[in-house]
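Following: one structure in structure tokens, then a few remarks.
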DNA sequence: GTAATTCTTTACAAAATCTTTATGCCGCTA
DNA sequence: TAGCGGCATAAAGATTTTGTAAAGAATTAC
């Protein structure tokens with residue numbers, strides 16, 4: 001029997017665990033609850049869930065520590081729960097390998113959407129050379145980006161950005177991550193370049209660059225490419 | 231009914247046949263097993279598989295003999311399975327017409343990747359000797375390039391460039407790749423030659439060399455030949 | 001051996017790309 | 001509502017990359 005639709009929820013607030021159990025249960029997931037960090041780690045190891053929901057504000061142990069430990073032996077998608085105005089912790093968690101985050105108080109529908117998006121993303125083979133998203137397409141073997149099947153003229157920096165976004169659809173990429181990937185480990189202070197280049201690629205792919213559909217800003221955190229149905 | 235996604239596996243070890251059956255089966259292939267060389271040959275003849283996986287260490291018959299016999303009447307892609315440290319056999323097999331090889335113990339993911347790569351490769355007609363693109367045409371067997379059906383006078387270096395571009399239409403060829411292909415693995419620092427020769431061939435094929443339609447520059451990356459409708 | 005062809009190298013101009021600066025916007029908070 | 005921080009965008013300046021002509025070197029053909 002395979003581990004199907006299991007979700008491990010690590011949160012000290014029984015209120016939240018209860019809500020998640022009910023809501024996600026109704027969506028067909030089997031929710032396994034853990035109230036403490038250690039307990040959660042063991043549960044993830046034993047149950048091999050499809051996804052983990054981890055509250056950063058655990059009492060007995062820092063949520064980041066839990067995250068780090070799980071990441072030493074598992075690539076299971078992890079969604080962070082965090083209070084608003086703690087962008088710092090969110091960024092740290094994402095840089096440590098968390099896949100996504102939701103701020104409390106959270107909207108249930110959005111959490112479910114995020115869960116599904118992350119399951120979808122991790123189930124996709126990461127070696128395909130053509131990736132389609134809405135009007136957009138990247139052909140990695142040809143190093144070309146298309147909108148409406150028309151080739152876009154992209155510089156190498158812009159291409160690098162597209163590449164990272166297409167390979168991580170629906171995932172937040174932090175400023176740090178993007179800066180490091182593109183400009184190397186040095187330029188990590190200022191994200192000025194990044195803004196300019198994000199503007200640049202939006203101009204090329206968005207119908208209305210001021211209200212982007214593809215490249216979404218997560219203020220204080222980073223950017224993400226949204227999956228649009230084709 | 232067409233022979234779709236069929237793979238013939240010729241291997242005396244039932245263990246390996248089993249693993250391949252399960253793994254490749256999960257990837258959507260229909261695996262036909264053969265434990266002996268003769269049996270395998272017959273099976274390839276009867277089933278017209280998309281690809282053959284052949285163990286070189288067969289008991290009743292030398293794997294190389296099986297390979298040779300299949301090659302007398304079929305061009306089906308053949309991937310060799312071979313124990314490590316038998317480079318001699320691998321080279322012989324490749325010279326006899328094998329398409330690729332994987333050493334035992336093998337990584338399943340890699341084998342699958344090789345299978346796909348070989349199927350992809352053989353499905354595209356890359357062996358055609360005449361390739362047309364817009365006003366241009368190359369005849370590889372005659373080593374000639376035409377524009378508007380008129381022969382162009384091309385030097386051997388220029389021809390090499392044309393050859394690479396025609397064989398990779400719409401694909402960006404990096405400076406490095408082109409330099410290595412044409413000048414060997416040594417000259418990798420400077421791409422000065424390349425620029426001169428690109429200018430050279432543009433002068434011969436472009437109506438307006440300053441605004442090229444065929445050979446496009448990807449600044450910082452390389453050049454590519456664009457596909458133009460004929 | 002000489003001429004013609006092709007390849008390599010140099011030098012400079014032109015174009016493309018990247019970086020920086022400046023300015024304005026938006027949402028939030030005091 | 002004024003001020004602040006993070007973000008978007010245009011545009012100027014700096015830098016890198018590319019295009020092209022032309023001269024010298026090497027190779028090939030006769």
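Residue numbers (the numbering used here), protein chains in the order written: chain B, 1 to 230; chain V, 231 to 460. Note that CB positions come from ideal geometry on N, CA and C, so glycine has one too.
Q.
Please state whether the Cβ-Cβ distance between residue 221 of chain B and residue 110 of chain B is less than 8 Å.
A. no
Q | Own chain partners of residue 181 of chain B with C-beta closer than 8 Å, once the 5 adjacent residues on each side are dropped | A | 160 and 164
**Q.** Proximity winner among V/413, V/276, V/456 and V/271, relative to residue 436 of chain V (alpha-carbon distances)
**A.** V/456
Q | Proximity below 8 Å, CB of residue 93 of chain B to CB of residue 64 of chain B | A | Cβ distance < 8 Å, so residue 93 of chain B and residue 64 of chain B count as in contact.
Q: Compile a chain-ordered list of the residues in the region 374 to 402 of chain V whose CB is closer than 7 Å to at least one CB of chain B.
A: 400, 401 and 402
(Q) Strictly below 9 Å CB to CB, what residues from chain B border residue 450 of chain V? (A) 155, 156 and 157
Q. Do the region 66 to 74 of chain B and the region 37 to 46 of chain B make contact, defined as three or more Cβ pairs closer than 8 Å?
A. yes
(Q) Could you give the first and the last residue of the continuous alpha helix (DSSP H) run that contains residue 91 of chain B? (A) 87 to 95
Q. Going by C-alpha distance, which of B/9, B/113 and B/132 is nearest residue 149 of chain B?
A. For the residues B/9, B/113 and B/132, the minimum Cα distance to residue 149 of chain B belongs to B/132.
Q | Candidates B/16, B/55, B/29 and B/56: closest to residue 49 of chain B by CA position | A | B/29
Q: Taking all protein chains shown into account, decide if residue 1 of chain B is buried (16 or more other Cβ within 10 angstroms of its Cβ) or exposed.
A: In this predicted model, residue 1 of chain B has a pLDDT of only 40, less than 50, meaning its place in the structure is not dependable enough to derive any value.
Q: Go ahead and pull the three-state DSSP assignment for residue 239 of chain V.
A: Residue state for residue 239 of chain V is assigned as strand, using DSSP reduced to three classes.
Q | For residue 3 of chain B, the three-state DSSP class (helix, strand or coil) | A | Low confidence applies to residue 3 of chain B: its pLDDT is 42, below 50, so where it sits in the model is not reliable, and the reading given next is rough at best. Reduced to three states, the DSSP call for residue 3 of chain B is coil.
Q. Taking the alpha-carbon positions, what's the residue 171 of chain B to residue 304 of chain V distance?
A. 47 Å
Q: Would you tell me roughly how many angstroms separate the C-alpha atoms of residue 47 of chain B and residue 250 of chain V, rounded to the nearest one?
A: 28 Å
**Q.** Status (buried if at least 16 other CB within 10 Å, exposed otherwise) for residue 211 of chain B
**A.** exposed
Q. Closest Cβ-Cβ distance between residue 203 of chain B and chain V: below 8 Å?
A. So, not an interface residue.
Q. So which residues of chain V does residue 142 of chain B contact, with C-beta pairs closer than 7 Å?
A. 400, 401 and 402
**Q.** Limits of the beta strand (DSSP E) - the one that residue 254 of chain V falls within
**A.** No beta strand (DSSP E) holds residue 254 of chain V; the alpha helix (DSSP H) holding it covers 244 to 256.
(Q) Give me the DSSP bridge partner(s) of residue 138 of chain B. (A) B/131 and B/145.
Q) What is the DSSP secondary structure of residue 436 of chain V, reduced to helix, strand or coil? A) coil
Q. Nearest CA to the CA of residue 371 of chain V: which residue from V/359, V/377 and V/364?
A. V/359
Q. Could one say the Cβ of residue 213 of chain B lies closer than 8 Å to chain V's Cβ atoms, at least one of them?
A. no
Q: Please classify residue 335 of chain V: is it buried, with 16 or more other beta-carbons within 10 angstroms of its beta-carbon, or exposed?
A: exposed
Q. When the Cα of residue 430 of chain V is compared with those of V/398, V/404, V/458 and V/386, which residue comes out closest?
A. Of V/398, V/404, V/458 and V/386, the residue nearest in Cα terms is V/386.
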